[in-house]
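Data first, discussion second: the structure below is written as structure tokens.
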Amino acid sequence: MHINNLTKSKFDDPNALLFRGVTAKLQPADRIALIGGSGTGKSTLLRILSLLESFEEGTIALEDRSSTEWKPHSWRRKVSYVAQKPIMRSGTVGFNLRTVSQLHNLPFDEELARKYMAAVGLGQTDWNKQAGDLSGGEQQRLALVRSLLLQPDILLLDEITSSLDPGSKQAVESLLLEWVTGQSDPSARAYVWITHDLEQARIISNQIWFMADGGLLEQAETGAFFAKPATEQARRFIQGLKEGAKSDE
Ligand SMILES: Nc1ncnc2c1ncn2[C@@H]1O[C@H](COP(=O)(O)OP(=O)(O)OP(=O)(O)O)[C@@H](O)[C@H]1O
10 MHINNLTKSK
20 FDDPNALLFR
30 GVTAKLQPAD
40 RIALIGGSGT
50 GKSTLLRILS
60 LLESFEEGTI
70 ALEDRSSTEW
80 KPHSWRRKVS
90 YVAQKPIMRS
100 GTVGFNLRTV
110 SQLHNLPFDE
120 ELARKYMAAV
130 GLGQTDWNKQ
140 AGDLSGGEQQ
150 RLALVRSLLL
160 QPDILLLDEI
170 TSSLDPGSKQ
180 AVESLLLEWV
190 TGQSDPSARA
200 YVWITHDLEQ
210 ARIISNQIWF
220 MADGGLLEQA
230 ETGAFFAKPA
240 TEQARRFIQG
250 LKEGAKSDE
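The sequence shown begins at 10 in the working numbering and counts up one residue at a time.
This is how it looks when you write it as structure tokens:
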């Protein structure tokens, strides 16, 4: 995916910009952690990249075709956004699992669904249970499995482990690392993952995109970013999160 010079206005003030000049490339096998302060526009950027949100200027292209040439439905079959607050369709767990294949006219792969459910710790969940009765953390994992069943090329993950206990969080991290790197054709998939957890960012990414000051201020290899961020803003951001983590202990 090629992101070129994206500009987005603030929702409450069309004359002010949320971010501008966002330019980046997402290549097969990329594992990006998207980090930055609250309200810098990380979720909005991911929603734009899945064509769920409009933007003022710039272009996004997938497979060398501009987003304007794609039907949003076809684009979202390849680029799947997993929201922080999962939206369950009213009905059972099984209905929610089958729903994406129905929407996209794909055969439902029950074996794969069971494999993913087990991998995220939902192997014992009753498929006849109402999805709305699952806990927040269970819904978050069910929403992820639903997206994985689409077999997209790109996953856009919005703080998807925020309601999870440490064990479930680790299970999700392992599954997604395996998803992106462990397949027979390792060149096809990539993800961008928003997280406020620096330890998680180190584990799940090979590159960092850092949003601050109304744009994508840094794009760097993960190790290099944490060892020596290029900007004072990133240095302060990392320091702030570390201090926050310490005071939580
Ligand atoms: N649909 C919307 N309507 C109105 N304001 C919105 C909408 N979506 C986002 N905003 C505002 O736009 C700004 C950017 O929001 P966004 O959720 O993209 O930030 P973020 O970097 O993901 O923040 P966080 O880390 O807190 O999740 C915020 O001020 C937010 O309140």
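Note that beta-carbon positions come from the ideal geometry of N, C-alpha and C, so glycine has one too.
Quantities reported herein were computed from a predicted structural model and do not represent experimental measurements.
Host beta strand (DSSP E) of residue i (start-end)
i, result
"lysine 51", "From DSSP, lysine 51 is part of no beta strand (DSSP E) but of the alpha helix (DSSP H) over 51–58."
"arginine 29", "26–34"
"glycine 45", "40–45"
"lysine 237", "Note, lysine 237: premise wrong, no beta strand (DSSP E); not H, not E."
"serine 63", "Counting along the chain, serine 63 falls outside any beta strand (DSSP E), and DSSP gives it neither H nor E."
"lysine 17", "11–18"
CA-to-CA distance, residue j to residue i, given in whole angstroms
i, j, result
"alanine 243", "isoleucine 12", "22 Å"
"arginine 155", "valine 109", "7 Å"
"valine 181", "tryptophan 218", "21 Å"
"serine 75", "glutamate 252", "42 Å"
"leucine 173", "alanine 38", "25 Å"
"serine 63", "arginine 56", "9 Å"
"alanine 33", "phenylalanine 246", "21 Å"
"aspartate 206", "histidine 82", "32 Å"
"aspartate 22", "glycine 50", "14 Å"
"glutamine 148", "methionine 97", "7 Å"
"arginine 198", "aspartate 118", "19 Å"
"leucine 103", "glutamine 111", "One point to set straight first is that residue 103 is glycine, not leucine, in the sequence displayed. If I take the Cα positions, the gap works out to 12 Å."
"serine 18", "asparagine 24", "7 Å"
"glycine 146", "leucine 61", "24 Å"
"asparagine 137", "glutamate 65", "44 Å"
"isoleucine 41", "phenylalanine 234", "12 Å"
"arginine 123", "glutamine 133", "10 Å"
"leucine 121", "valine 201", "23 Å"
"methionine 126", "leucine 71", "29 Å"
"leucine 43", "histidine 113", "28 Å"
"threonine 183", "asparagine 14", "Reading the sequence as shown, one finds serine at residue 183 and not threonine. Taking the straight line joining both Cα atoms gives about 33 Å."
"threonine 231", "threonine 68", "26 Å"
"lysine 80", "leucine 166", "22 Å"
"aspartate 135", "leucine 143", "10 Å"
Reference residue i, options the options, closest by Cα
i, options, result
"isoleucine 203", "Gly145, Leu164, Phe117", "Leu164"
"serine 47", "Ala229, Ala233, Gly232, Asp222", "Asp222"
"glycine 100", "Gly141, Arg123, Ser89, His205", "Gly141"
"valine 28", "His113, Thr16, Glu187", "Residue identity differs from the one stated: residue 28 is phenylalanine in this sequence, not valine. Taking only the C-alpha atoms, the option nearest phenylalanine 28 is Thr16."
"valine 31", "Met220, Arg245, Leu143, Lys237", "Met220"
"lysine 94", "Leu185, Ile169, Leu131", "Ile169"
"isoleucine 212", "Glu227, Lys178, Thr240", "Lys178"
"alanine 210", "Trp188, Glu241, Leu250", "Leu250"
"valine 279", "Gly145, Arg150, Ser89", "Any answer about residue 279 is impossible in this case: the structure gives the chain only from 10 up to 258."
"threonine 53", "Thr77, Val91, Ala70", "Val91"
"proline 175", "Val189, Glu208, Ala42, Leu226", "Glu208"
"tryptophan 188", "Gln216, Leu153, Ser171, Asp167", "Leu153"
"glutamine 228", "Gly191, Leu35, Pro116", "Leu35"
"aspartate 162", "Val88, Leu26, Phe235, Ser59", "Val88"
"leucine 159", "Glu241, Leu131, Asn105, Ala70", "Asn105"
"leucine 225", "Ala239, Lys80, Asp73, Phe20", "Ala239"
Residue i - containing alpha helix (DSSP H), residue span
i, result
"alanine 180", "175–190"
"glutamate 119", "119–128"
"glutamate 72", "Neither: glutamate 72 is in no alpha helix (DSSP H) and is coded neither H nor E."
Inset, instruction - Report the residue ranges of all beta strand (DSSP E) runs contained in full by the stretch 133–167; include only those spanning at least 3 residues, in chain order. - result: 163–167
Inset, instruction - May I have all residues whose beta carbon comes closer than 5 Å to any heavy atom of ligand 3, sorted in chain order? - result: Ligand 3 is not part of the structure shown, which contains ligand 1 as its ligands.
Inset, instruction - May I have a chain-ordered list of the beta strand (DSSP E) segments no shorter than 3 residues that lie completely inside the stretch 80–106? - result: 88–91
Inset, instruction - Taking only runs that begin and end inside the stretch 197–226, name each unbroken alpha helix (DSSP H) of 4 or more residues, in chain order. - result: 207–213
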